[in-house]
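Below is one structure; the comments refer to it alone.
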Amino acid sequence: MKIHMIVATEDPQICTSIIELVSNSGFEFELIGSPTSVRELDQLIRISSPDIVITGSRLSDSDCFPIIRQEKNNPGSTTQFLVFGGQSFESVYQAVKAGASDYLIFPIDPGELKASLAYAVDSQTNALFKDSTTRLFYINDQGAEILKNKSLTLEQVNSMYSTNFAMGLFQMLFIKFDFPNSFERINMSNPKMFRQVHSLVLKHFQDICADIILENKSDGIMILLNYVNERHNLVEIRILELYQLIGSQIKPRSGKDLTICVSATVTDPCDVWQIKEQVRDAEWSRIIYGVNKVIFWKPGSLDHTGIQSKLKPVGAKAKEAVESLDTAEFSAALRRFYNLPQHILVSHEARVFVKEIIASIFEMYWDTISEFTDPALIFDEISYYLHLCTTFQRHHTVLHTQCTDLLNNISQQINKKYSPSVTSALLFIKQNIDKKITIEDAAKYVHLSNGYFSFLFKRETGVNFTRFVKDQKNIVACKLLKTTNLNISEVACHIGFTEDVREFSKFFKALNGVTPTMYRQMHKSTAGDVL
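In terms of this note's numbering, the sequence shown opens at residue 330 and continues consecutively.
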């Protein structure tokens, strides 16, 4: 971590000596300036927000203690002060009382300076990040998914997650930053800004909340507030005030757009997943409503069936294109999606639609992607880039570019792995999974004799053709049973068992050890989640 530092002293030689000591201490630092007066120090702190200030107890125009007190009372400041001076008890007392991290007796001992710097860096980096991994797990995506299927009392939640919740309301905020013309990762480009926001949030809400959990994201900060019902109106006022504070103290220096997305409230600590979805919906809606404002979540259209009826055929075409690695068809499906009416595009269903299109690529081709890059990293990057889009036009461009590039890379990797004949056969299987597929059909499709095609297919895939087709049909059947409400006969038709459902059940049980009905019951918690 590079320390942004100010060294303030009347004497240039002392300043040079301190800079040399810091250089030899092993810390990487950048010197912002070397003011000689409190007035200059004040101005420099205001425009640069340093990490650490090393200052003499007295500068040319005044002692340094008022400026330390002033900065420590600033809720947006995370600057740490190291004061040096004589052995006067009064100076030491005033420095500690003002809020300095340490007082160093001059001449400064190199070992003591190094220890003081380490303490100051640790204080600045860690003091505002007190949430444990267990507490953060409570509000992250995986933790919320677990809570979704559990019923826990408030006491059980507090015991399991090290929380301090009280009976009352739970509300979630997402402080969202956007680069107007860049895809840089915001939390990596300016960790100091994140620390300042943490400080503002804690100081702004801790007097009215029983507990506050903050989780850093790549593009903002997720916040869970817990407070008694009677303070709901006050919390809403504080949220608006927080936006003004961040907007006045941090946004001008950061050059980023700022939006605070706010959920409704729930009373059950296990319903945190609901308000997190609301916050993400509010974030999505800023594409319509704009940035640099507070967006309170509102229930969307009640015409869920109508929205789904518009999205379902588009989703089917997009997923077919993914299966066949047809980027032209994939592009056409995206155009249809982004040409839908605005009230559909801004809906929760549309946001989920985009997530599922991306997920379908990685579900189908995770192993193939892992052969040329890290699939988890690529998935994260695509999701992050989309989170920074503030218009549907830009969102369309990013989704199209990222996904078609990935599909092309997948296609190239598969072509490297398999001969043109086997590659064509794999495409043939995917496109005809709802039919009875024979080796004769596939061999004819790729213009090879049955015997040679059988030999070639097993050599390159590792399994014989009949087994491969069975496995592919089984994969599709399992997915449909887990993620749709299609009845068993409809699932059977989707994989080519159009005449005899009992034959499908026999086929399914032979591969999975249970009947289709039992399999669905075992996975019913996820049924209906996919379009």
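We treat Cβ as the ideally placed atom computed from N, Cα and C, and that holds for glycine.
To the nearest angstrom, how far is the alpha carbon of S854 from that of P642? The residue you call residue 854 lines up with position 525 of the sequence shown. The residue you call residue 642 lines up with position 313 of the sequence shown. For S854, the pLDDT reaches just 39, beneath the cut-off of 50, and the residue's location in the model is therefore unreliable, leaving the point undetermined.
If you draw a straight line from the C-alpha of L531 to the C-alpha of K580, how long is it? As a first step, residue 531 is located in the sequence shown; it is residue number 202 there, counting from the start. As a first step, residue 580 is located in the sequence shown; it is residue number 251 there, counting from the start. Roughly 18 Å separates the two Cα atoms.
Are at least three pairs of beta-carbons, each pair with one atom in the segment 665 to 681 and one in the segment 612 to 620, less than 8 Å apart? Taking 8 Å as the limit for Cβ pairs, the verdict is that the segment 612 to 620 does touch the segment 665 to 681.
Proximity winner among C538, Q399, K627 and D763, relative to I552 (alpha-carbon distances): Residue 552 sits at position 223 when you count from the first residue of the sequence shown. Cα-wise, what sits closest to I552 is C538.
Of the choices I687, T697, M496 and W695, whose alpha-carbon is the least far from that of Y713? Locating residue 713 in the sequence shown gives position 384, where the first residue counts as 1. Residue I687 is the option with its Cα nearest to Y713.
Quick one: using the 10 Å Cβ neighbour count with 16 as the cut-off for buried, is Y781 buried or exposed? For the purposes of this step, residue 781 is taken as residue 452 along the sequence shown, with counting starting at 1. Classification of Y781: exposed, given that the 10 Å Cβ count is below 16.
V651 versus S363 - alpha carbon distance: Numbered from 1 along the sequence shown, position 322 holds the residue referred to as residue 651. Numbered from 1 along the sequence shown, position 34 holds the residue referred to as residue 363. For V651 and S363, the distance between alpha carbons rounds to 59 Å.
Nearest-angstrom Cα separation, counted from Q637 out to M693: If you number the sequence shown from 1, residue 693 lands on position 364. If you number the sequence shown from 1, residue 637 lands on position 308. Roughly 23 Å between the two C-alpha positions.
Buried or exposed: where does F494 fall if 16 or more other Cβ atoms within 10 Å of its Cβ makes it buried? Residue 494 sits at position 165 when you count from the first residue of the sequence shown. Within 10 angstroms of the beta-carbon of F494 lie 16 or more other beta-carbons, which makes it buried.
Just tell me which of M496, S676 and K802 has its CA closest to the CA of N841. Sequence index remark: in the sequence shown, residue 841 carries index 512 (1-based). When only C-alpha atoms are compared, the closest one is K802.
Nearest to F826 by alpha carbon, out of V805, T812, T813 and N814? Start at 1 with the first residue of the sequence shown, and residue 826 comes out as number 497. Minimum Cα distance to F826 is reached at V805.
Uninterrupted alpha helix (DSSP H) stretches inside the segment 646 to 674 (no shorter than 4 residues): With a minimum length of 4 residues, the continuous alpha helix (DSSP H) runs that stay inside the segment 646 to 674 are 656 to 667 and 671 to 674.
Verify whether the separation of the beta carbon atoms of L360 and A337 is less than 7 Å. Mapped onto the sequence shown, residue 360 falls at position 31. Mapped onto the sequence shown, residue 337 falls at position 8. The answer is no: Cβ separation not under 7 Å.
Looking at N779 and E769, is the spacing between their C-beta atoms short of 7 Å? In the sequence shown, the residue the question calls residue 769 occupies position 440. In the sequence shown, the residue the question calls residue 779 occupies position 450. Taking 7 Å as the Cβ cut-off, E769 and N779 qualify as a contacting pair.
Enclosing beta strand (DSSP E) for V412 [first to last residue]: Residue 412 sits at position 83 when you count from the first residue of the sequence shown. Note, V412: beta strand (DSSP E), Q409 to G414.
Grouping DSSP H, G and I as helix and E and B as strand, with all else coil, what is F458? In the sequence shown, residue 458 corresponds to position 129, counting from 1. In this prediction, F458 has a pLDDT of 49, which is less than 50 and means its spatial position is unreliable; what the coordinates show is noted afterwards. In the displayed model, F458 falls within coil according to three-state DSSP, outside both helix and strand.
Do you know how far the Cα of T482 is from the Cα of N555? Here residue 555 refers to the residue found at position 226 of the sequence shown. Here residue 482 refers to the residue found at position 153 of the sequence shown. Taking the straight line from one Cα to the other gives about 15 Å.
Which parts of the segment 356 to 395 are runs of the beta strand (DSSP E), unbroken and 3 residues or longer, counting only runs that do not cross its ends? Uninterrupted beta strand (DSSP E) stretches at least 3 residues long and entirely within the segment 356 to 395 occur at 358 to 362 and 381 to 385, given in chain order.
Closest to W613 by C-alpha separation, out of C599, V681 and G428, would be which residue? Numbered from its first residue, the sequence shown carries residue 613 at position 284. Out of C599, V681 and G428, V681 has the C-alpha closest to the C-alpha of W613.
Terminal residues of the beta strand (DSSP E) in which G549 lies: Within the sequence shown, the letter at position 220 stands for residue 549. First-last of the beta strand (DSSP E) with G549: G549 to Y556.
Where DSSP assigns a beta bridge to Q500, which residues make up the other side? The residue given as residue 500 occupies position 171 in the sequence shown. According to DSSP, Q500 bridges with L554 and T594.
Quick check: the Cα distance between K811 and D540, rounded to an integer number of angstroms? Along the sequence shown, one-based indexing puts residue 811 at 482. Along the sequence shown, one-based indexing puts residue 540 at 211. Rounded to whole angstroms, the separation of the alpha carbons of D540 and K811 is 37 Å.
At what residues does the beta strand (DSSP E) containing E544 begin and finish? In the sequence shown, counting from the first residue as 1, residue 544 sits at position 215. DSSP places E544 inside the beta strand (DSSP E), whose first and last residues are D540 to K546.
Can you give me the Cβ contacts of S660 inside the same chain, cut-off strictly under 7 Å, excluding the 5 residues immediately before and after it? What you label residue 660 is simply residue 331 of the sequence shown in a count that begins at 1. Cβ neighbours of S660 beyond the five flanking positions: H729 and T733.
Tell me whether K864 sits in a helix, a strand or coil according to DSSP, three-state version. Outside the displayed range of the chain (330 to 860) lies residue 864, so it cannot be described from this structure.
The segment 557 to 573 touching the segment 586 to 598, judged by at least three CB pairs closer than 8 Å: The segment 557 to 573 vs the segment 586 to 598: in contact.
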